[in-house]
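Read the structure below first, then the notes.
Protein chains in written order, with my numbering: chain A, 4 to 87; chain B, 4 to 87.
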């Protein structure tokens, strides 16, 4: 089963990287961009087909390694087998 | 309209960051992880409601700034209004 984990700065935390990208886009002609948030994305291939246990294990990975939950929030999406 | 842009190293390019994360996960008990790919994610708020022009503009942003298309590939997803 594959999963996608996305990690973003929390809404209440400043996102200087996103702000810088927005500024850069604006300067090269993309002035319609209102806001950019910059985060990380991980595609993870798990050796299990059980969606529920996969979701639990992925949440543990996020808490322990992939995200700093003090300043970041994460989202887990199961890519195949998500309906199980 | 909001969009999500994901940028990953191309399949044929080594992904040392993903490899390092996989190793770290394995060492802390997540040995079921077969592969990790590490990339970037951008959430972009555009001042337009036209899905087609939004898609075109986002592709230009990727080519010009968000991705280095020599070594990276990008994917664009429109988050709302995607069905238009």
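Cβ coordinates follow ideal geometry from the N, Cα and C atoms, glycine included.
> Are any of the Cβ atoms in chain B nearer than 9 angstroms to that of residue 69 of chain A?
Replying inline: A Cβ of chain B is located within less than 9 angstroms of the beta carbon of residue 69 of chain A.
>> Using beta carbons (cut-off 9 angstroms, strictly below), is residue 10 of chain B in contact with chain A?
In response: Interface residue, yes.
> According to the neighbour-count rule (16 or more other Cβ atoms, all chains shown, within 10 Å of its Cβ), is residue 56 of chain B buried or exposed?
Replying inline: When all chains shown are included, residue 56 of chain B counts as exposed.
> If you follow the beta strand (DSSP E) that residue 78 of chain B is part of, which residue opens it and which one closes it?
Replying inline: Going by DSSP, residue 78 of chain B is part of the beta strand (DSSP E) stretching over 75-81.
> Counting only beta-carbon atoms, is residue 48 of chain B nearer than 9 angstroms to chain A?
Replying inline: Interface flag for residue 48 of chain B against chain A is set, since a Cβ pair is found closer than 9 angstroms.
> Using the rule of at least 16 other Cβ atoms within 10 Å of the residue's Cβ for burial, across every protein chain shown, is residue 86 of chain A buried or exposed?
Replying inline: Only weak support exists for where residue 86 of chain A lies, its pLDDT of 43 falling under 50; the value from the coordinates is given anyway. So residue 86 of chain A counts as exposed.
>> I want to see whether chain A comes within less than 9 angstroms of residue 77 of chain B, judged by CB atoms only; does it?
In response: Residue 77 of chain B does not count as touching chain A.
>> For chain A, check one thing: does any of its Cβ atoms lie closer than 9 angstroms to the Cβ of residue 72 of chain B?
In response: No, because no Cβ of chain A sits closer than 9 angstroms to the Cβ of residue 72 of chain B.
> In chain B, which residues lie with their C-beta within 8 angstroms of the C-beta of residue 24 of chain A?
Replying inline: Here the neighbours are 45, 68, 69.
> For residue 12 of chain A, which residues does DSSP report across the bridge?
Replying inline: DSSP links residue 12 of chain A through a beta bridge to A:75.
>> Cutting at 7 angstroms between CB atoms, please list the residues of its own chain near residue 73 of chain A, excluding the five before and the five after it.
In response: Within the same chain, no residue comes within 7 angstroms of residue 73 of chain A by CB-CB distance, once the 5 residues on both sides are set aside.
>> Judging by CA-CA distance, which residue of A:40, A:7, A:27 is the nearest neighbour of residue 15 of chain A?
In response: Out of A:40, A:7, A:27, A:40 has the C-alpha closest to the C-alpha of residue 15 of chain A.
> If residue 28 of chain A and residue 35 of chain B are in contact, beta carbons under 8 angstroms, what's the gap, nearest whole angstrom?
Replying inline: Rounded, the Cβ-Cβ distance is 39 angstroms, inconsistent with contact.
> So which residues of chain A does residue 54 of chain B contact, with C-beta pairs closer than 9 angstroms?
Replying inline: Here the premise fails: no neighbours, minimum Cβ distance about 14 angstroms.
> Which of the three DSSP states, helix, strand or coil, is assigned to residue 24 of chain A?
Replying inline: Here residue 24 of chain A sits in helix by DSSP.
>> Taking its Cβ as the centre, do 16 or more other Cβ atoms sit within 10 Å of residue 26 of chain A, making it buried, or is it exposed?
In response: Exposed is the call here.
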